[in-house]
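K.L.:
Quick note, the sequence shown lines up with residues 25 to 263 if you use our numbering. Heads up, the beta-carbon is just placed ideally off N, CA and C, and yes, glycines get one too. Please see the structure below; I have some questions.
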Amino acid sequence: MNKRKPICLMAAALLCFSAASCGDKDKKTDSSQVTAVTTSADTTAVTTEPAATASEASTEAETTTTAEETTAEVTTDASDDRLADAVNLFEAVNTADMMQAGAGIEVDEELAKEFSLKINESTVSSVYFMVTDTRFKSLEQVRQFVNDSLCGELLEKYKNIYEGDNAAFKEYNGYLYFTHEGRSSGFEYTSTPEITESSENAFTAKVSVNSLGTSEVFTLKAVKQDDKWKASSLTISRK
Numbered sequence: 025m026n027k028r029k030p031i032c033l034m035a036a037a038l039l040c041f042s043a044a045s046c047g048d049k050d051k052k053t054d055s056s057q058v059t060a061v062t063t064s065a066d067t068t069a070v071t072t073e074p075a076a077t078a079s080e081a082s083t084e085a086e087t088t089t090t091a092e093e094t095t096a097e098v099t100t101d102a103s104d105d106r107l108a109d110a111v112n113l114f115e116a117v118n119t120a121d122m123m124q125a126g127a128g129i130e131v132d133e134e135l136a137k138e139f140s141l142k143i144n145e146s147t148v149s150s151v152y153f154m155v156t157d158t159r160f161k162s163l164e165q166v167r168q169f170v171n172d173s174l175c176g177e178l179l180e181k182y183k184n185i186y187e188g189d190n191a192a193f194k195e196y197n198g199y200l201y202f203t204h205e206g207r208s209s210g211f212e213y214t215s216t217p218e219i220t221e222s223s224e225n226a227f228t229a230k231v232s233v234n235s236l237g238t239s240e241v242f243t244l245k246a247v248k249q250d251d252k253w254k255a256s257s258l259t260i261s262r263k
């Protein structure tokens with residue numbers, strides 16, 4: 025709005041000048057003065073038009089810049105979202121690895137039950153303990169956690185957490201039991217995950233891991249299934 029003030033002032037000055045000329049018309053009727061006023065007004069009108077166009081161009085440029093900045097912000101936010109998803113999936117893989125090894129789950133060791141397991145075509149008895157971990161209260165909740173986090177080869181690797189004769193979890197009379205063997209398991213992540221590839225329905229992330237004193241790199245591939253990000257594979261390489 026401030027850019028139009030000089031134009032308005034100029035127009036007002038012209039009106040005053042014209043009014044003054046009309047007032048002097050009774051005294052002087054010099055047609056050249058009237059012509060000069062008309063010419064000046066016409067010139068002003070012509071000069072004003074490009075100024076308005078320049079202002080519009082400036083506005084369009086500002087709008088374009090704003091749109092570009094907004095697009096950049098959206099891209100950055102999407103990248104941040106993938107990083108958060110990667111952190112969650114690496115943690116889910118870690119939890120699954122611990123559960124498969126009989127660790128990472130709170131139990132009441134005074135409430136135990138023996139279950140029959142098949143090992144090398146032989147049937148043996150194994151002691152399971154009642155689960156007190158608030159995250160899981162039924163075998164279905166365990167199954168849902170694994171299936172919501174993993175798919176593909178990782179799901180095949182860890183589905184024995186809840187499925188099969190030798191499953192890590194078993195359910196009896198409405199209570200959930202866990203093997204609780206406490207073997208060495210889980211991963212010691214030593215860095216923040218890094219997104220190396222990303223698309224609408226897949227991404228790849230890497231993270232450094234300390235494996236028994238050896239530095240390794242885990243590469244996790246994730247895909248979107250049922251509107252959820254799931255870890256589909258995990259490869260290990262030495263640094």
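#1: To the nearest angstrom, report how far apart Q165 and D157 are at their CA atoms.
#2: For a minimum of 4 consecutive residues, which ranges assigned as the alpha helix (DSSP H) are wholly contained in the stretch 176–263?
#3: Is I143 buried or exposed, if buried means 16 or more other CB atoms sit within 10 Å of its CB?
#4: So, for E133: in the same chain, excluding its five sequence neighbours on each side, which residues have a beta-carbon less than 7 Å away from its beta-carbon?
#5: How long is the line joining the alpha carbons of F211 and E115, rounded to whole angstroms?
#6: What residues are listed by DSSP as bridge partners for M154?
#7: Can you tell me whether G206 is buried or exposed? The criterion is at least 16 other CB atoms within 10 Å of its CB, across all chains shown.
#8: Which residues does DSSP list as the beta-bridge partners of K137?
#9: What does DSSP give as the partner residues of S162 in its beta bridges?
#10: Return the bridge partner residues of T147 from the DSSP annotation.
#11: From this set, N234, D109 and D189, which residue's C-alpha is nearest T147's C-alpha?
#12: Comparing C-alpha positions only, which one of K254, A246 and S150 sits nearest to E221?
#13: Within the same chain, show all residues whose beta-carbon is closer than 6 Å to that of R159, passing over the 5 residues directly before and after it, in chain order.
#14: If you measure between the beta carbons of S209 and D121, is that distance less than 8 Å?
#15: Given this structure, state the Cα-to-Cα distance separating E138 from E224, to the nearest angstrom.
P.N.:
This is what the structure gives:
#1: So the two alpha carbons sit approximately 12 Å from each other.
#2: Runs of alpha helix (DSSP H) with 4 or more residues, each lying fully within the stretch 176–263, are found at 176–182, listed in chain order.
#3: Residue burial is scored here from C-beta neighbours: I143 has fewer than 16 other C-beta atoms within 10 angstroms and is therefore classed as exposed.
#4: Hits under 7 Å: F153.
#5: The alpha-carbon atoms of F211 and E115 are separated by roughly 9 Å.
#6: Looking at the DSSP assignment, M154 forms a beta bridge with D132 and Y201.
#7: Label assigned to G206: exposed.
#8: Note: K137 sits in a beta bridge opposite Y152.
#9: The partner list for S162 (beta bridge, DSSP) is empty, contrary to what the question assumes.
#10: Beta-bridge pairing links T147 to K142.
#11: Checked all of N234, D109 and D189; the closest Cα to T147 is D189.
#12: Minimum Cα distance to E221 is reached at A246.
#13: There are no such residues.
#14: In this structure, S209 lies near D121, with their beta-carbon atoms less than 8 Å apart.
#15: Each residue's alpha carbon lies about 47 Å from the other.
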